[in-house]
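There are 2 protein chains.
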Amino acid sequence: MKLSSKARYGLKAMCCLAERQAYDDKVVALSAIAEEIGVSDKYLEQLFSSLKKAELVASSRGAGGGYVLPRDARYISVGEILRALEDGLVIVECVSGECSKQCGNSEGCRCTTHGVWDKLYKTINDCLDSMSLASVIARE
Amino acid sequence: MKLSSKARYGLKAMCCLAERQAYDDKVVALSAIAEEIGVSDKYLEQLFSSLKKAELVASSRGAGGGYVLPRDARYISVGEILRALEDGLVIVECVSGECSKQCGNSEGCRCTTHGVWDKLYKTINDCLDSMSLASVIARE
DNA sequence: ACTATTTCCTACCAAAATTATAGGAATTGT
DNA sequence: ACAATTCCTATAATTTTGGTAGGAAATAGT
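Here the protein sequences come in this chain order: A and B. Reading the first sequence from the start, the letters are residues 0 to 139 in numbering that gives the first Met the number 0. Reading the second sequence from the start, the letters are residues 0 to 139 in numbering that gives the first Met the number 0.
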């Protein structure tokens, strides 16, 4: 149950973007973020593609273009970011969907361990949703 | 951040063992558990090897041998089981160890996102430690 | 109109981790 | 002796992850 590099770098990149935007309210070129956090432009592009799809960043193309946060960092949660990067943070198939093959018992899913995964899933998401991007960069 | 099959099958197997032991207090052959939860003997052997190392099962070899819980199911937590199967449930390297390459800032680790992983790690473990094997098979 | 810059899209490759299989050694009850 | 069982190690197959690459589309400045 390791967190992917996508999630690690993605969150770092979002922090970086938020910090730069707090400093001067301009669009930030992806290359600047990539350099700061130490990944290639091309790799980071892919992460931002996921983030954009989830509307966690907005962009403008062309020369002088770049990315901005679509809303205040106080209203963007870590949970949203990680779910965008980690395919919904689905821990086991059992959770958040039909429980067909994994459990062997789809309807109602009374498989012994279902309750465990369910509770774990909720706990993780609650935890991550309780942290905003703003609170992270403030290191609260 | 998916849970491994090891963890899924391992917990199921532990539930199965606990249930059988509650029923009649004998050692349970691994093959019986493997059949019930639908994995091969050989695969399950590996999981039990990890579980044994963590002293979450005890075994007797030879004909008529098998596995037993070394203590009451009320005093075995899901957290213990999953940590044994999932390499300590380490979410990111940053957590529970030196924070060298991943963060780029080892001492004190003030990397922006460290607090997030730390909190997440604690939350997950607290959640899992709060569930005993007995409560799981009782479906509480 | 041209150029430089930048996001966006898609395909692909390599490495690592996971999942599973296999063979056989060691132990023990009958 | 024999059958049943755990234990140990190697390895094969599959999937996932991490990262590279090329180029299309858009836009600002000249």
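A virtual CB, placed ideally from N, CA and C, is assigned to each residue, including glycine.
One Cα belongs to residue 72 of chain A, the other to residue 5 of chain A, and the distance between them is close to 20 Å. DSSP places residue 135 of chain B within a helical segment (H, G or I) once states are collapsed to three. Closest by C-alpha distance to residue 133 of chain A, out of A:90, A:69, A:76, A:34, is A:76. Within the same chain, 56, 83 come within 6 Å of residue 50 of chain B by CB-CB distance, once the 5 residues on both sides are set aside. For residue 9 of chain B, no beta strand (DSSP E) encloses it; the enclosing alpha helix (DSSP H) starts and ends at 4-22. With 16 or more other CB atoms across the displayed protein chains lying within 10 angstroms of its CB, residue 79 of chain B is buried. Taking 8 Å as the cut-off, the Cβ atoms of residue 90 of chain A and residue 0 of chain B count as close. Bridge pairing for residue 59 of chain A: A:65 [DSSP]. In the three-state scheme derived from DSSP, where H, G and I count as helix and E and B as strand, residue 89 of chain A is classed as coil. With its beta carbon at least 8 Å from every one in chain B, residue 63 of chain A lies outside the interface. Non-local beta-carbon contacts of residue 131 of chain A in its own chain, meaning distances under 6 Å to residues more than five positions away in sequence, involve 73, 76 in chain order. Spanning the alpha carbons of residue 36 of chain B and residue 20 of chain B requires a straight line of approximately 16 Å.
For residue 63 of chain B, the CB contacts under 8 Å within the same chain, skipping 5 residues up- and downstream, are 26 in chain order. When CB distances to chain A are screened at a threshold of 7 Å, the residues of the segment 108-123 of chain B falling below it are 111, 112, 114, 115, 118, 119, 122, 123, in chain order. For residue 78 of chain A, the enclosing alpha helix (DSSP H) starts and ends at 77-84. Pairing residue 43 of chain B with residue 17 of chain B gives a Cβ-Cβ distance that is not under 8 Å. For residue 89 of chain A, a Cβ of chain B is located within less than 8 Å of the residue's own Cβ.
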